[in-house]
Every structure is written in C-alpha cells, then in structure tokens.
Amino acid sequence: MDEPTAFVEFRNVQKSYDGETLVVKDFNLAIARGEFVTMLGPSGSGKTTCLMMLAGFEPATHGEILLGGKPINDVPPHKRGIGMVFQNYALFPHMSVAENLAFPLMVRKIPAAEIEQKVSRALEMVELPEFGKRRPAQLSGGQQQRVAVARALVFDPELILMDEPLGALDKQLREQMQYEIKHLHETLGITMVYVTHDQSEALTMSDRIAVFNDGVVQQLATPSELYEKPENAFVASFIGENNRLNGAVSSVEGSVCVVDLDGGGTVRAAKVNVDGVGARASLSIRPERIELAPESGSMANEFRGRIEDLIYLGDHIRVRMSVAGTDEFIVKVRNTASRGNLKKGDEMSVGWHSEDCRALDPIEV
Amino acid sequence: MTVSAADSIDPGVPLVTPDGRPLKLALAQATRRARIRAFALVVPLLLFVLVTFAFPIGQMLYLSIHNPVFSDHMPRLTAYLTEHPDVQVPGEEGFAALALDLADAKKNRTAGRIGTRVNYERPGSNSLFKSSARKAAKFKGPPYKEKLLEIRSDWGEPHLWNVMRRASAQHTLDFYAAALDLTHDENGDLSQVSPERRIYVRLFWRTLFLSAVIAFLCLLLGYPVAHLLATLPLRYSNLLMILVLLPFWTSLLVRTTSWIALMQSQGVINDILVTLGIVGDDGRVQMMYNQFGTIIAMTHILLPFMILPLYSVMKTIPPSYVRAARSLGATPLTAFIKVYFPQTTPGIGAGILLVFILAIGYYITPALVGGSSGQLISNQIAFHMQKSLNWSLAAALGAILLFMVILLYWVYDRLVGVDKMKLG
C-alpha cells in the first residue's frame, strides 16, 4: 500500500497578491480521500484564495500543492480534473441545462451517445430529469444550484470544490441543499472541499473544518471538537455563541488554572491556551453550559448576576445578564414550566463547571 | 391559478368601480394629472427634436422628389407640355411658350437656374438656356420656332424636349434615378448612364465596403482592449479608459491632420523608413490621399465606438464563467470560443452596427485624407450641396443612404434582435 494517506495536500503554502502583504500565511492541510473538509472563516480570511490555488486559478506564491501525491503547482486548471461549484453557479447563460452538463464531456471528446446518457443520468441524480432543454435563467435558484452541482460531478472528478455555493439561497432551501450535498458526498464517496463563512453550514456538513482567520488556519478539527474544545479565542467566538470574560492567570494546578477577572472575582477554568501565571487570558463559556441559580456548592464557579433582558425564542429563552463586570453575559435557558417566572431586573446566582470554561489566548476588544 | 382567475373575471364584461363607472375610465382619470405633467416635461425636448431633426429631414427627403425650378420659372411652357403630353418636338405654339418664358427668364435673371436644372440630364444645356434667353428677350414677335432654331439647332432635338418635359414635372423620381447612375435615353427609357459617368453606384458600394472593413478592423483592435478594460484592476482600467476616451477630447480635425503629418509621403513614417534604408527616397510609400489613408484614419477615429459597447457587455460577464469552463476541462481557447465569445455577441453586434452606421455617413476624414480613391458617398453629397447646388440629387443620395442604414438595422434586428444589443 504505497498510496499516500493524503489525497490533497497543501505544504507551507503562501499567497500574496501585491508582494507586500500575505493573504495566506503558511497554510498546511492534508485531506484524505473521500473526506469532506470545510474551510470556514470571515471574508478576507484567505479561505477562497486557498480554494482558487487548489483549482489552479491563482498561483501559489510559495509552497506546494499536491493532488494524489503529485505536485500540481504547474498544472493548468483544465488538466487538474477538479469539479468546481461557484458562488453564483456560473452556469453558462447561452446554453441549455443539458448543454451545460454536456460541456465538460464535450471538451473531453467523449462520444455523443455516451454524453447523452451521462447527462440524463446526472439530471436524474439531481432530480431535474425534465429540465434539460431549459435555459439556466428559467430555473429557480435551488434548481440552478443543483445543475451546477451536477455539472461539477458529471465528468466523474475525484475532487469537488465548492465556493460558498449556497450563499444566494434562502434559509429553508439552504438547509435542504446542505442535506442533499452531504447525501451526494456520502453516496458517491467523493472528496469535497467546501468554502463557507456560515458556521452552521460548516458544522452540519463537514468531516473536518479548517477555521481561517487573517491568512492562518486557527484550528483544524471535527465539528464537535471545534465547538466544544476551541483552541483559541477566535475559534471560540467564531463558532457558536460564546461568553467572554477577560482576566489574568493567578495560579495553575495541572490542567486547571485560576483567573482573576478584570471585573472582579476569580474563576477556575480549563487551561487550554495560556502562557502561565501572570499571563492575560480570555475565558470562553458557552451560554448553554451556564446554570441559573445552581444548587450552592455544586459548581466550581458561582457569581451573582442581574437579568438585563429576556428574549423569548420558543424552545429556549435567551437571558442577557450583568455578571462579573460585563452586561453582555448570555445564558440560554430551556423553556420548561419552571422557568416561566424569570423577570427583568431579577438578581440571582449563575454557575458553571471549570471544564466548561476554557482559558484561551487574550483578545481585547 | 389561471383557472380560478378565469372563473372570477369574465372577459366579456368590462369591470366597473363600486359607483358604476367603468374601471378603465376611472384609471384614466386617476392618472391624468400625472400624465399631463409627464408630457409637459418632455414637450420642450419633443419640440426641439421636431424642429431641428424631424422637420429638416422631412424637408430634405421631400426635396429629393420635389423640384419646382422649371415649372415655377417656365410657366407657359409647362402648361403647354402638360396639355400636349404626346408631342415630341412641338410646333409654333410650343416654341412661342418657350420663347416668352425665356424672355421672362432673362428679365428675372433665372435663365441660369433653369439651365442648371436641365443641365443635370442634358450636359451643355446651361449655356444653351443663357444664350437663348438673352436673344429671346430681343424677339419682336413670331415666328418663334424659326428664330429659336436659328440661334441654336439644339432646340429641334427631341431629347432636349424629353428632358424639359420631365423637368417640368414638380414631382419626379429622376433624382433617385440619377443617384443610381440611371438616366432617360433618347427614347425616354431608363438606362444606365455612359460608363465614365457612372459614379454613384460604385461609390455606394465603396462606402459599404470601406465601412465594413473599418468596422471589422475596429472589432479586431477593440475586442482585446475592451477585454483588458473589463478585467484589469480598477486603477489600471481607469487609466486605460481615459486613453480610450482621449480622442473624444481632441478635435476631429486635429486627429485627422495628425495622421496626415504621420503618413504623408514627406511624413514621419516615410522619413523613418527612408532613414532606415527600408525604402529609397524616391520610393516613398503613398499612405495618404487614398483608400488606405481613409481606412487608417477612420478606424482610429471610430475605435472608441466599438470599445465602449464591447466594454459594457464584457463588464457584466463574471470571470467565474471562464473559470468554470476551465475547471470543467476546457483549454483557454475552448473556454474563450465556447463560453466567453458567445456572451459578448450583443456588444459585438452593437459595436459593429454603431461603427458601420457612423462610417457610412462619414465626411470630414475621407475629405481630408481620402484623395480620390478614398472618397465616400457623403463627399459627393457635400459636393452637390455646396458646389453643384443640385440639392435634389444630394437629397436623393442622402435618402438612399438613410434607407440603406434602416435596411441594415432591420436585417440586424431579424438576425440578432435589437433588444439583445447593448450600447452601454
């Protein structure tokens, strides 16, 4: 078994457009065959640039990109055999749907009969068998999306790249398409690299997620790991909702550290990404891991807080509180019968376990 | 959806408002004020267009079929010719009308104008009318036929009488015939003029051909520039756009004369060629005052009219189309031919049509650099407007030109569809 474990690999890739600033700084990523990897990050973080380098539309300024173990830096895009779905679908407006689907086959000089067969199979795959003769402009957004996916798949590439393909769809359709793409990935066993700035989309679909910020991968992990064990303050705040408390480390006891908060009080937190005693730290606590009025002594951290605001969201209630010097402290409370009596201005204790509170690198805002 | 709509609205019964007025009337009343106000806003422009554009063009077109010079100034002869439609060379009665009219013409100093009018179809008539009028003024009485034939035997020529008969008609298509190198022969039948006088048809063809060449050259040169404009980063494309528009800020005359300075036989290019020893001093290349000069200078001047519509179309084509084609396995060439080029056809159509139509009627540049082989039909129109003063022929030539443009536009609409055209 000589086959390299990584199907797609970025090695120390850098990219600069102007020779002055790096858009991508030392990017390393290994993707296994059949994996669904998402590059997630805010706009301008370098994720799309990485995808464009993989597709061959942007040359890497430095470093190597390997596909199936072979460097592809100098291979032009049309010889890479990578299917790609674009943000605006990029369906050719002057061709019918069937002609769009036939395009990759036609340029590969596949016989006409086979093209016809593959096109109709692709249309069936995306459940649009009757739409071959229509123009892309005559389709709805969701249908165009499906055609774009079918076109990227029709020539049986081993790797599919998707650049924010669902950005233009409404929420309901987006969720349905997420499921359909995930389903296609599973049935076809194809490798997919997906770019999005929507964290819930990334969490739903991916095997692994690379979180980008400022040209650097902040964390590469499975969705659950990213959410539950963010390694730095950026990931913690970018993925899901997050309460942040700033302070300085006063002592360290194995995997737990004690942090003196700027707003008063001390917190026992899991030591994840802090330098040691005296260092600044940013504490991250998920709103759903905080309990209102816990039984005294049952939790490592207990504070007094005052309810500033209540937002009713049906299945849960978002409670904004003033706790330890911040009035942006969010607690999610399940909407059970006993929770109906929360009122604005109520004072009560809040508490959380030390393992649910992660001490991360400081970011001061 | 359609079924329920059809159920609720019976198309045979007009809808009414609750107080019983027809809905259409109510709608018209409700929007009347807004419509009047909107119309008042466009009235000045409408009047301006009517006065400065529609009216002169209409008058010009009318002039091409309406020429009352002969009938206005030769009223007796015109009346005689109308009464005797079959007479070839008339007898004394006709000559009397002619002689009296000629005598009046001498008095009113209109003999030259009448002569010019007849001269269009029968060369040499100008002097015939002037000299005969001078002498006819001194006639004391009949026999007029004899006296006139004595002055010039031309008066007995049936062809001359045919020409005068046609000239006496107020409305005539003769100027169109002349514009197509046709004339009435001795028997009054339409036939081509003698080969050395056939100029207009050849000139029309040359105008069409040169315009096509110029439009094609503009496309060839403008397409890459437009593409660059549409794809370069903004700060470079802005600079390039200024360069494209720069010619608009310089006088047309300056641009044309600078081509003369560059390309005339004692000009910059020839001097360089001679200095480099590529051509000898006696072998200077003739690049000006011929078709070549017209093509070069007009291509340069009309280039922006090709670039701008192309640019406006290319600007709307996202780069992701070509990228998609490339990722799907198309070589750069295939991606261009199959994906990029077809999407630019609205711009190509608009650019070609614009440049072609502008070139067809171009005047200053060919007049300055065209020499004799680079003249276009507009130069002949100008000649008849300013020099020969045959305005009716100028109008007929202009009308044919206008008709050709409309025809082209119609063909373009049938082939491509004008709604697909993008001018900017």
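Protein chains in written order, with the numbering used here: chain A, 1 to 365; chain B, 1001 to 1424.
For every residue, glycine included, the Cβ atom is placed at its ideal position computed from N, Cα and C.
All figures in this text were calculated on a predicted structure; none of them were measured in a lab.
- With its beta carbon less than 8 Å from one in chain B, VAL107/A belongs to the interface.
- THR1334/B has a beta carbon lying within less than 8 Å of a beta carbon in chain A.
- Annotation for ASP309/A: no alpha helix (DSSP H) segment contains it, though the beta strand (DSSP E) segment containing it runs 301-312.
- Around the C-beta of GLN138/A, fewer than 16 other C-beta atoms lie within 10 Å, and the residue is accordingly described as exposed.
- In the structure shown, the three-state DSSP call for GLU64/A is strand.
- Of the other Cβ atoms in all chains shown, fewer than 16 fall within 10 Å of the Cβ of SER224/A; this residue is therefore exposed.
- The Cβ of MET162/A sits no closer than 8 Å to any Cβ of chain B.
- Residue burial is scored here from C-beta neighbours: TYR1062/B has fewer than 16 other C-beta atoms within 10 angstroms and is therefore classed as exposed.
- For the pair of segments examined, the stretch 1341-1354 of chain B was found to touch the stretch 1311-1325 of chain B: the number of CB pairs separated by less than 8 Å reaches three.
- For HIS1184/B, there is no enclosing alpha helix (DSSP H); the residue is part of the beta strand (DSSP E) that begins and ends at 1182-1184.
- The count of Cβ pairs closer than 8 Å, one atom from the stretch 29-38 of chain A and one from the stretch 229-247 of chain A, stays below three, leaving the stretches out of contact.
- DSSP places GLU328/A in the strand class (E or B) of the three-state scheme.
- Of the other Cβ atoms in all chains shown, fewer than 16 fall within 10 Å of the Cβ of HIS183/A; this residue is therefore exposed.
- For TYR1321/B, the nearest CB of chain A lies under 8 Å from its own CB, placing it at the interface with that chain.
- When rounded, the separation of the alpha-carbon atoms in MET162/A and ARG1323/B is 13 Å.
- When the beta-carbon positions are compared, ALA1079/B and ARG1117/B stay at least 8 Å from each other.
- Contact of GLY1329/B with chain A is assigned, a C-beta pair being separated by under 8 Å.
- Counting along the chain, GLU1092/B sits inside no beta strand (DSSP E); it lies in the alpha helix (DSSP H) bounded by residues 1092-1108.
- Around SER1132/B, the same chain offers LEU1102, LEU1148, ILE1151 and ARG1152 as residues with beta carbons nearer than 7 Å, after the five sequence neighbours per side are excluded.
- For GLN218/A, the three-state secondary structure derived from DSSP is strand.
- Taking C-beta atoms as the reference points, ILE160/A and MET205/A fail to come closer than 8 Å.
- Inside the stretch 1165-1245 of chain B, DSSP marks whole alpha helix (DSSP H) runs of 4 or more residues at positions 1174-1179 and 1200-1231, from first to last along the chain.
- Here VAL350/A is not near VAL333/A, since their CB atoms are 8 Å or more apart.
- Residue contact check for ARG151/A against chain B: a CB pair falls below 8 Å.
- Taken atom to atom, the span from the alpha-carbon of ARG1122/B to that of LEU1046/B is near 44 Å.
- Considering only beta carbons, the part of the stretch 1335-1347 of chain B lying closer than 9 Å to chain A consists of ALA1335, LYS1338, VAL1339, PRO1342, GLN1343 and THR1345, in chain order.
- Excluding the 5 residues flanking it on each side, VAL97/A has same chain C-beta neighbours closer than 6 Å at PHE131, GLY132, ARG134 and VAL147, in chain order.
- Against chain B, the CB of PHE57/A has a partner CB under 8 Å away; the residue lies at that interface.
- Contact of PRO1044/B with chain A is not assigned, every C-beta pair being separated by 8 Å or more.
- Spatial neighbours of PRO1319/B in its own chain (CB-CB distance under 8 Å, excluding positions within 5 residues in sequence) are listed in chain order as THR1231.
- Residues SER1373 and GLY1374 of the same chain have their beta carbon placed closer than 6 Å to that of GLN1291/B, with the five preceding and five following residues left out of the count.
- Counting the other CB atoms within 10 Å of its CB gives GLN144/A a total of 16 or more, which places it among the buried residues.
- The C-beta distance from LEU1217/B to THR1299/B rounds to 5 Å, short enough to fall under 8 Å.
- Distance from the CA of ALA210/A to the CA of THR38/A, rounded to the nearest whole angstrom, comes to 6 Å.
- HIS94/A belongs to the set of residues whose beta carbon lies under 8 Å from a beta carbon in chain B.
- For TYR194/A, the enclosing beta strand (DSSP E) stretches over residues 191-196.
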